[in-house]
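A.B. asks: For the sequence shown, the working numbering assigns the number 22 to the initial residue and increments by one for each residue that follows.
Glycine included, C-beta positions come from ideal geometry on N, C-alpha and C.
Structure in structure tokens, see below.
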Amino acid sequence: MKRILRCVATVMGVLLCLFVFQPATSGDLAYPGTLPDAAILEMTDTGATLKNNLLETVYHWGEAGLSTHFKNMREGRTGAESTSPFALELEGGRVLGAADFEMCGGVTREQVTAQPRARRLAERFKGWRLRMPFYNRSEGVDLVFAVTLRDGSNYVTQEVTITPRDHDLHVEAITLLDLEVEHAALAGDTQGAPVVAASMFFAYESPISESTLETGRVLCFTRRGNTLKAGETLHQSCVLGAVPADQARRGFLYYLERERAHPYRPFLHYNSWYDIAWGDRKFNEEQALAAITCFGEELTVKRGVVLQSFVFDDGWDDNSTLWDFHDGFPNGFAPLRDKAARYHSTVGTWLSPFGGYGETREQRLAFGREQGYEINASGFSMAGPRYYAWFKAICEEMIRDYGVNFFKFDGMGAGLGAGARGSRDYLNDVEALMNLTNELRENAPDLYISATTGTWPSPYFLWHADNIWRGSGDMGFSGQGSKRQQWINYRDTWTYRNIVQKGPLYPLNALMTQGIVQAHHGMAAELGNDVQEMADEIWSFFGSGTSLQELYIAPDLLSPAQWDVLAQAASWAHANTEVFVDTHWVGGDPGDNQPYGWASWSPGKAILVLRNPSEQPGTITVEVGAVLELPEDAPERFRVTSPRPNQRPVPVAFLKAGEPYCFELAPFEVLVFELLPEAL
Numbered sequence: 022m023k024r025i026l027r028c029v030a031t032v033m034g035v036l037l038c039l040f041v042f043q044p045a046t047s048g049d050l051a052y053p054g055t056l057p058d059a060a061i062l063e064m065t066d067t068g069a070t071l072k073n074n075l076l077e078t079v080y081h082w083g084e085a086g087l088s089t090h091f092k093n094m095r096e097g098r099t100g101a102e103s104t105s106p107f108a109l110e111l112e113g114g115r116v117l118g119a120a121d122f123e124m125c126g127g128v129t130r131e132q133v134t135a136q137p138r139a140r141r142l143a144e145r146f147k148g149w150r151l152r153m154p155f156y157n158r159s160e161g162v163d164l165v166f167a168v169t170l171r172d173g174s175n176y177v178t179q180e181v182t183i184t185p186r187d188h189d190l191h192v193e194a195i196t197l198l199d200l201e202v203e204h205a206a207l208a209g210d211t212q213g214a215p216v217v218a219a220s221m222f223f224a225y226e227s228p229i230s231e232s233t234l235e236t237g238r239v240l241c242f243t244r245r246g247n248t249l250k251a252g253e254t255l256h257q258s259c260v261l262g263a264v265p266a267d268q269a270r271r272g273f274l275y276y277l278e279r280e281r282a283h284p285y286r287p288f289l290h291y292n293s294w295y296d297i298a299w300g301d302r303k304f305n306e307e308q309a310l311a312a313i314t315c316f317g318e319e320l321t322v323k324r325g326v327v328l329q330s331f332v333f334d335d336g337w338d339d340n341s342t343l344w345d346f347h348d349g350f351p352n353g354f355a356p357l358r359d360k361a362a363r364y365h366s367t368v369g370t371w372l373s374p375f376g377g378y379g380e381t382r383e384q385r386l387a388f389g390r391e392q393g394y395e396i397n398a399s400g401f402s403m404a405g406p407r408y409y410a411w412f413k414a415i416c417e418e419m420i421r422d423y424g425v426n427f428f429k430f431d432g433m434g435a436g437l438g439a440g441a442r443g444s445r446d447y448l449n450d451v452e453a454l455m456n457l458t459n460e461l462r463e464n465a466p467d468l469y470i471s472a473t474t475g476t477w478p479s480p481y482f483l484w485h486a487d488n489i490w491r492g493s494g495d496m497g498f499s500g501q502g503s504k505r506q507q508w509i510n511y512r513d514t515w516t517y518r519n520i521v522q523k524g525p526l527y528p529l530n531a532l533m534t535q536g537i538v539q540a541h542h543g544m545a546a547e548l549g550n551d552v553q554e555m556a557d558e559i560w561s562f563f564g565s566g567t568s569l570q571e572l573y574i575a576p577d578l579l580s581p582a583q584w585d586v587l588a589q590a591a592s593w594a595h596a597n598t599e600v601f602v603d604t605h606w607v608g609g610d611p612g613d614n615q616p617y618g619w620a621s622w623s624p625g626k627a628i629l630v631l632r633n634p635s636e637q638p639g640t641i642t643v644e645v646g647a648v649l650e651l652p653e654d655a656p657e658r659f660r661v662t663s664p665r666p667n668q669r670p671v672p673v674a675f676l677k678a679g680e681p682y683c684f685e686l687a688p689f690e691v692l693v694f695e696l697l698p699e700a701l
């Protein structure tokens, strides 16, 4: 982790220095085995092989069509074969497989150049690409099949580019993986879940994809049911990856960190909801400036913690327009931007692609109908060209005129009704919003995008957003204890049930869980202000590793001691970015009063956070090798310390793989440990 020491102010005669943490990227995420080396492409007249020291994928073409074979070279097991690497299902059930396309033009090899400043980590590495152009005469469709392997990758990507020449093409479904492979299993109960098979993984890289598993066969596809206009091009892709034995989660995460829209980075920020924003309540420039000043003085000036943004939620717009400021913001966000800059920060904002909620939503929709903006059952349709253009223009204005570096896109597709699966009815809306995120990042590559309702735990939302929503209500109370303990129980119960259980390969550090809460409105006003309990919430929140570090805090409610705890925990989390990039769940279901927590690992340090959700004492047994999912040859002995001030003495000095230790937890206790590897 790089740190820049910046001296910014003198307070009470003392020079104040801010440690501004430059977030680590997955360049710090260790591959859990022999590191993949340089990509190699070998070609003959009728075939090609893309490979490195970890994997090999072989392609053959000719009169019999196109066939592929993928293999994990390190594990030496049987691989995955396909005689139809792509297929289009058209209207009426007609299917065009690879054998129905003729090759037009020669197969070409391209050297992929590295882009050192690319936001997507994979693009910072060079590699090789194989391109095969095809044409189907009966439908007049061009299709380009391209395969890419970059240096350092444990996977190859296969992309199809589909373009109808002279007439529209109705596409019911697209299949990108039809594999013969043994012992395959779906890693999750959700659309867009990857398939794992021994030491390999496969996926159609889309959150709306589906997979079916038969004996010895895997199909990965999307149901589309929409029309591709003549001359319009559709890009779709899939992945074939290799992982070390017993390292499916970490090996998949290595791939995900390279390919997601932006590598993992913590984003600490104030959010106005529950404080000056709530329900249909409108807030104004004066209130927003006061919040910035208070947070800036307490966290940045007094305690040296810089917020990445001050985010203003629903309540700034005029509902009788569509995303224009109301009279309380005569100068838009410009005064807020300037005030935030004094604290080395900027502003972010809430926008709802489908129009928001409740009465304010209805008012926006009424105005939108008058303007001819497209509407569906959920609200505004991002798939509509008029509304898309307007929404995009608003986003670009926010970035250009007000320095916005964060969007909370609250509501897409089916919204709260999405569950663990989307609906084909909203496919175009979801894809349109994904396209928008890519377009916005062309000019603002570091833009952080939080995608909330309408998402589900498919890793492929992260190709476009930085996080998704954990699901269920914003806040709630469940289980035992005080209101705050019940809130923490609720937060973590639904993280476990909606994410851990339904999307086990979805990274827990890319979630909106509703942040740290202490404010005036809604359920936030019911939490009380017990200092110890709020400290438990703060440390458990940052210990979960989530990048979306939301502070739903009314600053007038915090004591100096609570500001201290918040600053300590936030600084600790930022300093350990290279550890939190690899975080997973440990223990059981908080909703069943089972002790649980989070484990994070890097070669140089591990972090373990444990919590007892019950009013009764509890225990949780930790065998550090299993809990940390240690890869082969990793250190197995750890010295145990705690970064949390005033935590009770560490109960055990060392943890060693193969030697279980039973932690005893008091009712509702939160324990935070750092595990430092030591030689045996």
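(1) Out of curiosity, what's the CA-to-CA distance linking alanine 655 and glutamate 644?
(2) List the residues that DSSP assigns as beta-bridge partners of serine 258.
(3) So, under 8 Å CB-CB, arginine 140 and histidine 283 are touching, yes? Tell me the CB distance rounded to an integer number of Å.
(4) What is the DSSP secondary structure of isoleucine 396, counted as helix, strand or coil?
(5) Using DSSP with H/G/I as helix, E/B as strand and the rest coil, what is lysine 250?
(6) Checking 8 Å against the spacing of the C-beta atoms, do leucine 117 and asparagine 175 come in under that value?
(7) Over what stretch of residues does the beta strand (DSSP E) that includes histidine 90 continue unbroken?
(8) Going by DSSP in three states, glutamine 507 sits in which element: helix, strand or coil?
(9) Which residues bound the beta strand (DSSP E) around valine 648?
(10) Suppose you measure from the CA of glycine 618 to the CA of phenylalanine 222; what does that come to, to the nearest Å?
(11) Have a look at glutamate 96 and proline 681 and give me their C-alpha separation to the nearest angstrom.
(12) Might you give, ordered along the chain, the residues of its own chain that have their beta carbon closer than 7 Å to the beta carbon of glutamine 615, omitting 5 neighbours on each side?
(13) Alpha carbon to alpha carbon, what distance is there between serine 230 and threonine 243?
(14) So the candidates are Leu198, Leu532, Gln268, Ala647; which of them puts its Cα closest to the Cα of cysteine 241?
(15) Suppose the cutoff is 8 Å on Cβ atoms and the five residues either side in sequence are ignored; what does the same chain contact list for leucine 310 look like?
(16) Measure the alpha-carbon distance for tryptophan 82 versus leucine 448 and round it to whole angstroms.
(17) Starting from the C-beta of threonine 476, find all residues in its chain whose C-beta is less than 6 Å away, skip the five residues before and the five after it, and write them out in chain order.
(18) Go ahead and label leucine 572 buried or exposed: buried means 16 or more other beta carbons lie within 10 angstroms of its beta carbon, across all protein chains shown.
(19) If distances are taken between C-alpha atoms only, which option among Ser623, Leu692, Ala596, Leu676 comes closest to glycine 639?
(20) Measure from the alpha carbon of alanine 120 to the alpha carbon of each residue in Gln136, Val168, Ser103, Arg385, then state which is nearest.
(21) With respect to the beta strand (DSSP E) encompassing glutamate 102, which residues constitute its N-terminal and C-terminal limits?
(22) Quick check: the Cα distance between histidine 290 and asparagine 397, rounded to an integer number of angstroms?
(23) Is DSSP giving phenylalanine 273 helix, strand or coil here?
(24) Out of Glu417, Asn633, Thr89, Tyr469, which has the shortest C-alpha to C-alpha gap to threonine 67?
(25) On the DSSP bridge assignment, give the partners of methionine 153 in chain order.
(26) Determine which residues share a DSSP beta bridge with methionine 221 and list them.
(27) Please determine, among Asn73, Arg505, Ser621, Leu249, the residue with the shortest C-alpha to C-alpha distance to methionine 94.
(28) Per the contact definition of three or more C-beta pairs closer than 8 Å, is the region 399-411 in contact with the region 346-356?
(29) Tryptophan 299 CB to nearest chain D CB: under 8 Å?
(30) Between the C-alpha atoms of glycine 432 and alanine 486, what's the straight-line distance to the nearest angstrom?
(31) May I ask you to list the residues that DSSP assigns as paired with glycine 68?
(32) In whole angstroms, what is the alpha-carbon distance linking proline 672 and phenylalanine 684?
(33) If we count Cβ pairs, one from each stretch, closer than 8 Å, do we get three or more for the region 189-203 versus the region 270-287?
(34) Rounded to whole angstroms, how far is the Cβ of phenylalanine 428 from the Cβ of threonine 370, which I believe are closer than 8 Å?
(35) Please determine whether the Cβ atom of asparagine 175 lies at a distance below 7 Å from any heavy atom of the ligand COA.
(36) Tell me whether phenylalanine 694 sits in a helix, a strand or coil according to DSSP, three-state version.
C.D. replies: Working from what's here:
(1) 15 Å
(2) Glu180
(3) 5 Å
(4) strand
(5) coil
(6) no
(7) 86-93
(8) helix
(9) First-last for valine 648: 645-648, but that is the alpha helix (DSSP H), not the beta strand (DSSP E).
(10) 27 Å
(11) 29 Å
(12) Gly608, Gly609
(13) 5 Å
(14) Leu198
(15) Pro356, Leu357, Lys360
(16) 33 Å
(17) Phe482, Ile489, Trp490
(18) buried
(19) Leu692
(20) Ser103
(21) 101-103
(22) 33 Å
(23) helix
(24) Thr89
(25) Phe166
(26) Ala218, Ala263
(27) Asn73
(28) no
(29) Of the protein chains in the structure, only one exists, and it is not chain D.
(30) 13 Å
(31) His81
(32) 8 Å
(33) no
(34) 7 Å
(35) With respect to the ligand COA, the structure offers nothing, as it holds no ligand at all.
(36) strand
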